[in-house]
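Numbering (our numbering) for the sequence shown: 7 to 189.
Input: a single structure, listed below in structure tokens.
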Amino acid sequence: MKKLVTAMLLIAAAAVAQQTQSQYEPANATGAGQKLLAQFAGDWEVVKTFFPRSGNPVVSKGTCKQYMVHDGKFLQSDFSFFNPDGTKSTGAGISGFDSKTNRFTTVWYDSRQTTMSIRQSDGTFDGKNIVLWATPLDPDHPGRKTVARAHLEEDGRLLLYRHYLIDDKGQERMIFEMRMTKK
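In structure tokens:
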């Protein structure tokens, strides 16, 4: 009897082991979010304005190349900024949209820091505006609360991205704005 049970368990384990990735994790189709992200693809001139708590805004210029990757499922963004002090910084991001959850997720990393930034939408999407909330990786140290908003203007020639800090009272203060003009 023990041999029969052992044999049956081995057969069952082998059947599960032969499960394909497609069966375990079915592919999903692109959705409305990918259609909007595809409109962000192209070469852009960037004007980034940082708004310090006090003092004058700091403006830097740059360029960005954005393109869809992985069969049109994700937007890759490669930035170069030319800072007012003569230095250059670079950054990269990947943006995706999960058509099952109706959520955008972005990951950003750059040459200024050793950390990565992750943002995610709340599942509401109107087809035109992307609203991303800071998503802490460490729940014990969530960091500052921020929200970023992006949308196209001027028939898709201008991509406007604004990043806000949210204080303890829920008030938003713009930290920086990127005005991206399609070349």
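Glycine included, every Cβ here is placed at the ideal spot set by N, Cα and C.
Boundaries cannot be given for residue 33, as no alpha helix (DSSP H) includes it and DSSP labels it neither H nor E. As for any beta strand (DSSP E) of minimum length 3 sitting wholly inside the segment 76-163, the runs are 80-88, 94-104, 109-116, 123-126, 136-140, 151-159, ordered along the chain. About 11 angstroms separates the CB atoms of residue 83 and residue 116; that is not less than 8 angstroms, and the two are not in contact. Contact check for residue 182 against residue 54 passes: the beta carbons are separated by less than 8 angstroms. Of the candidates 51, 79, 171, 97, the residue whose Cα lies closest to the Cα of residue 119 is 97.
Residue state for residue 176 is assigned as coil, using DSSP reduced to three classes.
With a threshold of 16 other beta carbon atoms within 10 Å, residue 65 falls short and is exposed. Contact between residue 125 and residue 156 does not hold, since the beta-carbon distance rounds to 10 angstroms and is not under 8 angstroms. The Cβ-Cβ distance between residue 150 and residue 129 does not fall below 8 angstroms. 8 angstroms or more divides the Cβ of residue 166 from the Cβ of residue 179.
Residue 67 has 53, 88 as its beta-bridge partners, per DSSP. Counting of Cβ neighbours within 10 angstroms places residue 43 among the buried residues, the total reaching 16 or more.
Following the DSSP letters along the chain, one finds residue 41 inside the alpha helix (DSSP H) bounded by residues 38-45.
Counting the other Cβ atoms within 10 Å of the Cβ of residue 25 gives fewer than 16, which makes it exposed.
Considering only 152, 91, 68, 87, the residue with the shortest C-alpha distance to residue 175 is 152. Distance check between residue 78 and each of 133, 104, 63, 32 places 104 closest, using alpha-carbon atoms only.
Residue 188 and residue 34 have their alpha carbons spaced roughly 30 angstroms apart.
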